[in-house]
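The structure appears below as structure tokens.
Number of protein chains: 2
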Amino acid sequence: MLVIEDFGYKVIIGHGVLGKLVDALNPGASSVCIVADERVYSIHGQKLISCLPETMRVEKITFPPGEAGKTRQTKEFIEDTMLGAGLDRDTNVLSFGGGVTSDLAGFVAGTYMRGIQWTSVPTSLLAAVDASLGGKTGVDTKYGKNLVGMIHQPRAVLIDVDLLSTLPAGEVENGLAEMVKHAVLADRSYLSSLVRAGPMFTSDPVHSVDLIAESVKIKAIFAAHDIHDHGTRRILNFGHTIGHALELATGYGISHGRAVSIGMCAELWAAVISGLFESADLEYVCQALLNLGLPVSLPKGVSPEEILQAMTMDKKRANGRIFISLPRGMGKPYANMERPVVVVQEDTVLSALEKVAK
Amino acid sequence: MLVIEDFGYKVIIGHGVLGKLVDALNPGASSVCIVADERVYSIHGQKLISCLPETMRVEKITFPPGEAGKTRQTKEFIEDTMLGAGLDRDTNVLSFGGGVTSDLAGFVAGTYMRGIQWTSVPTSLLAAVDASLGGKTGVDTKYGKNLVGMIHQPRAVLIDVDLLSTLPAGEVENGLAEMVKHAVLADRSYLSSLVRAGPMFTSDPVHSVDLIAESVKIKAIFAAHDIHDHGTRRILNFGHTIGHALELATGYGISHGRAVSIGMCAELWAAVISGLFESADLEYVCQALLNLGLPVSLPKGVSPEEILQAMTMDKKRANGRIFISLPRGMGKPYANMERPVVVVQEDTVLSALEKVAK
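Residue numbers (this note's numbering), protein chains in the order written: chain L, -8 to 349; chain S, -8 to 349.
So this is what it looks like as structure tokens:
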């Protein structure tokens, strides 16, 4: 069992750490309100309940799985269910699920009676290494993802790797892409470790406590001291500007992990063209992604022009210039950590996209 | 013009301070989004617009006036209008109105793209001396008032007393009751000043810059260092536990100010019965309220039992005990500032209510 405190609260990682659940709750909690999607609750719900004392008041609120439910309406449904049950300010919200669940449950906790405590138990690799860390919460609107939300830190995050054993392969990919991102930003040797562990890791992330812990630590380097996302934290958008445009251009027909993988390659090409990144390192990263089963080129039928077009719908573009979070070399996120976002001209982005077109 | 910085941001009070509006906005703002109800905007909108530079992008979002519109639906309407207009994270929300508007606009700003800056220009006395100060924001649900919200501090509050000249008498009452509350909690001489200024004040609050400033300073004493409402700030609920029950019992057929006035008298009776407050001081406060045109006894047809019943719907009651924020004498909010909430037995509350019954 590993305990990482870099975020200002405990992130506990290991086998069976769900057994520590009671210690991760607010000691003064009058009750616990589990928030989970129906799929996760049907698989792991009984295990979770068995870790809570029988004397504790426990409410359970479930909703249909999937990003489509990450809306203000679902937030309202959860709030009204809590209010109807008479839950007070001393309630501890318990987020139990992937990124959609922690975004929703954390946001509900952040605004319930002007803010109550919450604890996060991620059940996907993406949530474990990224979404459940750093306090970003929110919901989607028809205008885009995560446009309404807030920063609300959990009081603890419990990463029980045994819960990750039931993940479908696509879910593992989503987390792996973020782990590679962390490696590129902070630590070349971590990328080598990921590649070495690759086949074992993708078949069963249960055996990878140390690799997950490393990713948590790297995220903390950038996110823990910039909770409002004005400075260093923005470098964590690396791979996501083009990745997000690719998701939009395909109508979310590609997984987030695969989109970010291709996005990282394209953005590194933009960095190489701009003289910020060594082409040998770019090749190393692309090869690592391939070895981990992640794609490095645009899917068939998606053109560079379409991706560029999709970027006009993104808040990171203004007046023909595109803002991209680019590292300046392996493990060198940016020479000046306070300015991790680089302005790139559209034609540079187009050239980079052509490099990753099939 | 007075500038009070006790909250950690500037509260500017005076005649014509709307002229300082540009200085109160975020210097890096890409645009300003005015949020106001239709009534306030129709009266003062042009004056506000004339204080903004012509070169600045200004969006305006209005909604029907009244507490009934302080809902998640109105919040969503404002958010979607902002998103549809393409407003980014560098937008400065400008709340222009009474307490309903600042609660809504501040909450929208707190969750728009995970939090953007806002500036508050109160146009009611209640908002000037209470609602716009301290960063409490939120909306109502069918389960009660302010049950969903957050603390989000404005970057500045501009109290232009000239905007208060068009207030109906009922609106002045709402603010006055909170000013009396501040006086009871912190400063006997301030209560005398209020009574002396009474007739002039109620006919036209425009002449009362110093009295408004004093109330702002007193609120800061309790609220500024307890932004999350766990300690000293709770004393500001004085008068509101019974006042809120009275609002509920009458189906909001009584103004907030009149309900709080009666609530303060009843709660002080509970304090006298409990040996926490001198009966001579209680008489002094009641006489002051009467002199200011505020009521000190229950409206006809409302019984003490009904009020007690309404308290069971309030989150401040548990297991036959009632939690009330009580001062321990004029200007002595509580001997131990960290524990401003007193547990009172139901029969004490009933006896106190009988004292204020007609």
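Think of the CB as a built atom: it goes at the ideal place given N, C-alpha and C, for glycine as much as any other residue.
Computed from a prediction, not measured in an experiment: that's the story for all the values here.
According to the DSSP secondary-structure assignment, L:A27 is paired through a beta bridge with L:T53 and L:F87. Considered as a whole, the stretch 246 to 333 of chain L harbours 247 to 264, 270 to 282 and 295 to 302 as its complete alpha helix (DSSP H) runs of no fewer than 4 residues, in chain order.
An exposed status is given to S:P44, since fewer than 16 other beta-carbon atoms sit within 10 Å of its beta-carbon. The straight-line gap separating the alpha-carbon atoms of S:M302 and L:T102 is approximately 24 Å.
When secondary structure is reduced to three states using DSSP, L:M73 falls in the helix class. At least one CB atom of chain L sits nearer than 8 Å to the CB of S:R63.
DSSP, read as helix, strand or coil, puts L:K133 in coil. Around the C-beta of S:T157, fewer than 16 other C-beta atoms lie within 10 Å, and the residue is accordingly described as exposed.
With fewer than 16 other CB atoms across the displayed protein chains lying within 10 angstroms of its CB, S:M47 is exposed. Taking C-beta atoms as the reference points, L:D131 and L:K61 count as a pair closer than 8 Å. Judged by DSSP secondary structure, S:K346 falls within the alpha helix (DSSP H) whose first and last residues are E337 to V347. Under the Cβ criterion of 8 Å, S:K127 is counted among the residues facing chain L. Taking a 10 Å sphere around the C-beta of L:K38, we find fewer than 16 other C-beta atoms and assign the residue as exposed. C-alpha of S:T92 to C-alpha of L:G10: approximately 46 Å in a straight line. Secondary structure of L:D81 (DSSP, three-state): coil. Within chain L, the residues whose beta carbon sits less than 9 Å from that of S:H219 are R105 and G106, listed in sequence order. As DSSP reads the structure, S:L(-7) sits in a beta bridge with S:I4. Separation of L:F54 and S:M104 (C-alpha to C-alpha, rounded to the nearest whole angstrom) is 24 Å. The beta carbons of S:L317 and S:A262 sit closer together than 8 Å. In this structure S:L74 touches L:Y134 by the C-beta definition: roughly 4 Å separates them, less than 8 Å. About 4 Å separates the beta carbons of L:A96 and L:V26, which is inside the 8 Å limit, making them a contact pair. Taking a C-beta distance under 8 Å as the contact criterion, S:I142 and S:K127 qualify as a contact pair.
Between S:D71 and chain L, the shortest Cβ-Cβ separation is below 8 Å. Between L:V287 and L:I253, the C-beta gap is smaller than 8 Å, which places the two residues in contact. Chain L places no beta carbon closer than 8 Å to that of S:L299, leaving this residue out of the contacts. Bounds of the beta strand (DSSP E) holding L:S111 are W109 to P113. In the displayed model, L:G189 falls within a helix according to three-state DSSP.
Inter-residue distance for S:R80 and L:E162 is about 31 Å (C-alpha atoms, whole angstroms). If one requires a minimum length of 4 residues, the alpha helix (DSSP H) runs lying completely within the stretch 116 to 184 of chain L are 160 to 177, in chain order.
Counting only residues of its own chain and dropping the five nearest sequence neighbours on each side, L:A188 has a CB closer than 7 Å to the CB of S199 and L202. Within the model, the alpha-carbon separation for L:V(-6) versus L:N83 is close to 21 Å. Within the stretch 141 to 169 of chain S, the residues whose Cβ lies closer than 7 Å to some Cβ of chain L are M141 and I142, listed in chain order.
In the DSSP assignment, L:S22 forms a beta bridge with L:T82.
Classified as buried, S:A250 has 16 or more neighbouring CB atoms from the shown chains inside 10 Å of its CB. In the DSSP assignment, S:S206 falls within the unbroken alpha helix (DSSP H) covering V200 to A214. Apart from sequence neighbours up to five positions away, the residues of its chain that approach S:E70 with a beta-carbon distance below 7 Å are V99 and Y103, ordered along the chain.
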